[in-house]
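Protein chains in written order, with numbering that gives the first Met the number 0: chain S, 0 to 366; chain A, 0 to 366; chain B, 0 to 366; chain L, 0 to 366.
Number of protein chains: 4
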Amino acid sequence: MRTFIFTLLLLSSFIAFSQSKDRKIEFPDIPGYQTLVCDLHQHTAFSDGSVWPDIRIQEAVFDGVDVIALTEHLEYQPHVDDIPHPDRNRSYELAKDYAKDKDLIIIHGAEITRSMPPGHCNAIFINDANKLLMDDPMAVFREAKNQGAFVFWNHPNWTRQKPDGAAELTDMHRELISENLLHGIEVVNEHSYSDEALEIALGNNLTIMATSDIHGLIDWAYDIPNGGHRPVTLVFANERSEKAIKDGLTNGRTVAWHNNTLIGKEEYLKPLIQSSIRIKSAAYMDDTQVAEVIIENVSDADLIMQNQSPYRFHLNTDLVTLKGHEQTTLLVKTKEIKNNFDLSFIVLNAYTNTTEHPELKLSIEVK
Amino acid sequence: MRTFIFTLLLLSSFIAFSQSKDRKIEFPDIPGYQTLVCDLHQHTAFSDGSVWPDIRIQEAVFDGVDVIALTEHLEYQPHVDDIPHPDRNRSYELAKDYAKDKDLIIIHGAEITRSMPPGHCNAIFINDANKLLMDDPMAVFREAKNQGAFVFWNHPNWTRQKPDGAAELTDMHRELISENLLHGIEVVNEHSYSDEALEIALGNNLTIMATSDIHGLIDWAYDIPNGGHRPVTLVFANERSEKAIKDGLTNGRTVAWHNNTLIGKEEYLKPLIQSSIRIKSAAYMDDTQVAEVIIENVSDADLIMQNQSPYRFHLNTDLVTLKGHEQTTLLVKTKEIKNNFDLSFIVLNAYTNTTEHPELKLSIEVK
Amino acid sequence: MRTFIFTLLLLSSFIAFSQSKDRKIEFPDIPGYQTLVCDLHQHTAFSDGSVWPDIRIQEAVFDGVDVIALTEHLEYQPHVDDIPHPDRNRSYELAKDYAKDKDLIIIHGAEITRSMPPGHCNAIFINDANKLLMDDPMAVFREAKNQGAFVFWNHPNWTRQKPDGAAELTDMHRELISENLLHGIEVVNEHSYSDEALEIALGNNLTIMATSDIHGLIDWAYDIPNGGHRPVTLVFANERSEKAIKDGLTNGRTVAWHNNTLIGKEEYLKPLIQSSIRIKSAAYMDDTQVAEVIIENVSDADLIMQNQSPYRFHLNTDLVTLKGHEQTTLLVKTKEIKNNFDLSFIVLNAYTNTTEHPELKLSIEVK
Amino acid sequence: MRTFIFTLLLLSSFIAFSQSKDRKIEFPDIPGYQTLVCDLHQHTAFSDGSVWPDIRIQEAVFDGVDVIALTEHLEYQPHVDDIPHPDRNRSYELAKDYAKDKDLIIIHGAEITRSMPPGHCNAIFINDANKLLMDDPMAVFREAKNQGAFVFWNHPNWTRQKPDGAAELTDMHRELISENLLHGIEVVNEHSYSDEALEIALGNNLTIMATSDIHGLIDWAYDIPNGGHRPVTLVFANERSEKAIKDGLTNGRTVAWHNNTLIGKEEYLKPLIQSSIRIKSAAYMDDTQVAEVIIENVSDADLIMQNQSPYRFHLNTDLVTLKGHEQTTLLVKTKEIKNNFDLSFIVLNAYTNTTEHPELKLSIEVK
């Protein structure tokens, strides 16, 4: 009605203007895969969130998110007096409709909301959320599997369910994993990060996940005006499709991106960092044996790196930060003129384990 | 549940941090009255808005708004399939509850949503929105009056109801006014301003109103990160109470604040500007007849002023902008040393009519 | 020596990076002329300034200034104990040399520095500053004329020479003008503006000038990091050459640009504003008689305009600001559908006299 | 003259306004010593710099620098044709005079400018620069010692004198050191840092120095508008006096501050970091064993730290950045409720050697 015409005519000039491209999350593709930005744990008024589904669509578009899932609590419906809708697929269906003219993939999901164990888990790629409404927790997971779901454990470090904040597998979780009913785990949820969750992921071959678990507004929760970003799971998919995303998740092809930190298995984290870095030029400064190497970082991450090369730098100590979407000049003291040489760094804000980091290797061709 | 503990522990450090005091709307009190910042036309998911009422409370707190009304459409309920709540007071009651520990006044309101005439009108300070659900438009207004409502005409310039955008009284409006059933009119609605609405207000003694009519998010619609602000009605009240606000509105004691523009009757606009300006110091520069006058503007408005004084300036042409919350230095060429002198300006971005402006007079005491 | 190699290798990556293109002064050409940005009154250590001439070259390059003159005081040499150079052309020669690989024109000038009358005057386009060192003030002006100089009166409002700050012609000035020895006058000097100087310019056909008169650093004096700019004279020249600039100055083809204010004769100010404004699109909003007109301002000036059109606006009062280097949307209420219509505005921060403003006329073709 | 009155009246409102306190370099005192910010290698037009000495005073005041030395090249005087002043103390004397009403200490210095060896060295705390004008390099250092100078080796990594950029002691340097004629070494000069210089400093007990070696403008060279800072030597002095600064330098009580990097001996670097960090509060989150510790960093350095504590964090990986002049919240998973506990970190952007870092230990008292 009223919003209709104003949306058509004024959103373009007012709102779009204010949401610059700076807030878009950007990482390069890696060899063999597209890098898709996914936020697969979100709430709306259809469970305990504070917005209608259309806001989630708009936030995702502004943030350059490629894939979202609205995962309303199945068992926790604080707005039920106002929204007594019996169909638990409703939030998904509204989102699908709002997104139909956007370049945004909506995954059908729901949050299985239980006390610990098993705590909260998201089932995504489901067919019918209503069928997940049953008492026995194990039965719910089996039904999810039956629907072909990918299931992940939410905030295993949540202090309301684990007061020491240290995520820990229970027998029920081990059973879920052994029955192939649990496939991923949130290493990052909202503002929290969990070393123990990462250890559980790596020790049990669960997919590493990061989600916003947004209830209110992304802009407020993640300080968007000052350059903040929501946590997302980067999924490496062989095409931009729901099927390919599920394949990526199922096969653990993810990197978590949270608060200038990247977390993932080395086989995906290393190519992601490698693809983020491009050598723009390399040449010796006149009458010196010092090579000027200009490096571009095409990702959002400010990479904090420790030099492991056999060479020292003329402008930097061994700690070098390559700012996201900027070029950095390294002056490399090779001691003699070389046609090519190698640099290597460990990337301190990228993690393949709780204390281990991927290496970045750069082969420099001097022109 | 989950949000509960995170809200308690993390909102204080994360969200409050990101919402600096810069977005608070600030205007000084005027002699005899407090200046209350009111946004009395807003929507939530309970009609055609996209948020739950708690978001409207939080936005108001961030924006320094003192008074809000959620004015859901009585006759337009696009979310009725999902929110079939039969009680049209529900949005107000939820808002009251969410605001109970905030320094924020919630006014009970509803939007009478009719084709033209009379178009859309808000009734605020009502007792029971349900009783306003009736067919005959005139009957609705009489019921509103019966409940003691203050009623104002929304976006009389709306092109969906008036394709030329020129607000125009109909016989029905004249009847409503003559029966004292219509008391105010939106001169500003969302991004639009209406010269004709201002003329109708002044010609019929209707209260001048400005409202956000927000459906989505204030942050997006009004470009908050870049210094934008929502339109509000400044109400001059003899105390911070619902009763005093109603008294202020009923007696037309308002100024509309929109997009660096102030609009109001001279008797309120002039003292508002006068109260916004403070002389910090005045002294002649050594060995000259040029007085240095330092002026502080304690309001949010950048006042764009044309000099009407008998004196010229040493740093400025006759167009002087006093930026909001800043000090400005005027060097005044008085031609001879004076113990005191007067400056006067017309304030071009303040309007007492479509083309008339209030005067700012400053009596300068030289120290 | 040391600076040599660092300049060559590091200035490009460090300094140039920090001086974004945002500080460049930009105004469009006008029909028949190029618009050249000129700052023709500057000092270095060779009189009472605090920098070596190379800094003035670098500042000009950063600011997008096309033409500068270093105008050292002939009679005031506070650094003479340290810089006893007998050749008063030295500053110019150094500047010429520093600028030889820059796209920057250096004009040979000097400041005739006398008590009032005549006060201070700059002679530019001179051949030999040494020949201007003589006692009799009238003789200096005649020698300047002999060298083909363009001569302008500096800061006629300077309170050290005119304690009331009100510029005023003396008999000596009238004589200089009548003998064609004085050709221009600073209406703007550093931070000061003078109504009286503008009246003298217009009443005596003197060229309107604005200069920085910089002694310290441009970055500090004009708050460059926060978007400030130095005062400059825009000269309309038929080519980018010293000869054409002199022709432009001699024929009064200038506009002063100072602190978001433009000052000039109507015949140059009007086409400058007209050339700054471009209609990007014009179309009626669906099912309305309201035309959406998108206007681009390609100049640095935020144009503060008062509507004089027969039409009113749907988003604005009659005061409209077209921000520099931005697009502004006007919604025009034409009351009926038209194939074309005219808008007109007076531009309040542009002056053709102390209180008169040029008109901006826009012919809108609706597509 | 002209500048006189404008300086008095307008600098306060214009220039000071534009130079916010944000550019001031700020580090806390350490136990037993004041922390003084020193930039002891600078040039003006009196050698190969591009500014008059007053600009160096103003830059220092804006940057919160406590102590400066103007160290003109004794043997390199490219402006000698223009500034033939025979007294090599002139630059110092002018600076002393310009600084007389500022809270800024001027140290008398000069740059001994020789080919390698010994390369360039600064002698500061001298009495008479003229007496340093002699051919034999060793004789110059002896004369400096005779005057009581503190002498340091400038940019030993300079590629014009050491094309591989790797600082290296020669026999002459060893002789200077053994005769106590050389006391310090620049580990940081302008934008360059040298691992080898740091090794030489530590291996030969030379004082660690960082200097701007500024020739042009600090604002441009160090990108002040975007938060950059010049390199400085923090000297730990027992009072704010020339004598105490010399004592601090002679006894090696320094930390170099460069491009968000701190470099110094552990005995000074560790207390500097320790003094920079303050625990604001510590308390367990309700019903958890997770302690919320709020930490304030009162220094300019963004401290990049790796967790070495026995505890893990709820919001962070083991890499934690404590931003300068901000508060950071750490949620510490102590596994059980404790009355007090210790945290420890290594600070990766602080160096006690080319690859070694100081430890920060925090004893947390839970309230």
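Every residue gets a Cβ at the ideal spot worked out from N, C-alpha and C, and that includes glycine.
For N203/S, the uninterrupted alpha helix (DSSP H) run begins and ends at 194–203, by DSSP.
With distances taken between CA atoms, T112/L lies nearest to N121/L out of I105/L, N121/L, K161/L. If the five residues before and after I56/L are omitted, its C-beta is found closer than 7 Å to the C-beta atoms of A94, Y97, A98, K101, L103, all from its own chain and listed in chain order. Residue pairing for M304/S: DSSP places it in a beta bridge opposite V319/S, V346/S. In summary, T354/B is exposed, with fewer than 16 beta-carbon neighbours lying within 10 Å of its beta-carbon over all protein chains present. By the neighbour-count criterion, in which 16 or more other beta carbons inside 10 Å mark a residue as buried, N352/B falls on the exposed side. The alpha-carbon of S298/B is positioned some 13 Å away from that of R22/B. Annotated as distal: A300/S and Q33/S, with beta-carbon spacing of 8 Å or more.
Its chain contains F26, P27, N296, V297, S298, A300, L302 as the residues whose beta carbon lies nearer than 8 Å to that of S275/L, once the 5 sequence neighbours on both sides are disregarded; these appear in chain order. For the segment 39–52 of chain S, residues whose beta-carbon sits nearer than 7 Å to a beta-carbon of chain A comprise A44, D47, S49, V50, W51. Assignment of D102/L by DSSP, reduced to helix, strand and coil, places it in the coil class. DSSP lists L35/B, T253/B as the bridge partner or partners of V234/B. Note on geometry: alpha-carbon atoms of K360/S and L318/S lie some 15 Å from one another. The three-state reading of DSSP puts G108/B in strand, counting E and B together.
Of the residues assessed, H182/S falls on the buried side of the cut-off, its CB having 16 or more other CB atoms within 10 angstroms. For V139/L, the three-state secondary structure derived from DSSP is helix.
When C-beta atoms of the segment 282–291 of chain S are compared with those of the segment 154–171 of chain L, three or more pairs fall below 8 Å, so the two segments count as touching. Sorting L39/S, E58/S, C37/S, S46/S by C-alpha distance to the C-alpha of D218/A places E58/S at the top. Residues of the segment 302–330 of chain L whose Cβ lies closer than 7 Å to any Cβ of chain S, in chain order: I303, R311, H313, L314, N315, T316, D317, L318. Sorting I336/A, A281/A, E364/A by C-alpha distance to the C-alpha of Q326/A places A281/A at the top. Classified as buried, T206/L has 16 or more neighbouring CB atoms from the shown chains inside 10 Å of its CB. The Cβ of V231/B sits no closer than 8 Å to any Cβ of chain A. Taking a 10 Å sphere around the C-beta of T169/B, we find fewer than 16 other C-beta atoms and assign the residue as exposed. Note that the C-beta distance between W256/L and V231/L is below 8 Å.
T112: these are the residues of the segment 100–113 of chain L whose beta carbon lies less than 9 Å from some beta carbon of chain B, given in chain order. Distance check between K332/A and each of F124/B, E142/B, A166/B, M115/B places A166/B closest, using alpha-carbon atoms only. For the pair of segments examined, the segment 176–196 of chain A was found to touch the segment 208–215 of chain A: the number of CB pairs separated by less than 8 Å reaches three. Within a 10 Å sphere around the beta-carbon of K279/L sit fewer than 16 other beta-carbons, which makes this residue exposed. Here E92/L is exposed, its C-beta having fewer than 16 other C-beta atoms within 10 Å. Collapsing the DSSP output to three states places G247/B in a helix. Distances from the CA of H40/L to each of T249/L, R311/L, I106/L were compared; the closest alpha carbon is that of I106/L. By the neighbour-count criterion, in which a residue is buried when 16 or more other Cβ atoms sit within 10 angstroms of its Cβ, S46/A is buried.
Legend: CB atoms of the segment 272–299 of chain S lying less than 7 Å from CB atoms of chain L belong to residues M284, D286, T287, Q288, V289.
The C-alpha of G118/L is placed about 14 Å away from the C-alpha of A109/L. The C-alpha of H72/B is placed about 11 Å away from the C-alpha of S90/B. In the three-state scheme derived from DSSP, where H, G and I count as helix and E and B as strand, E291/S is classed as strand.
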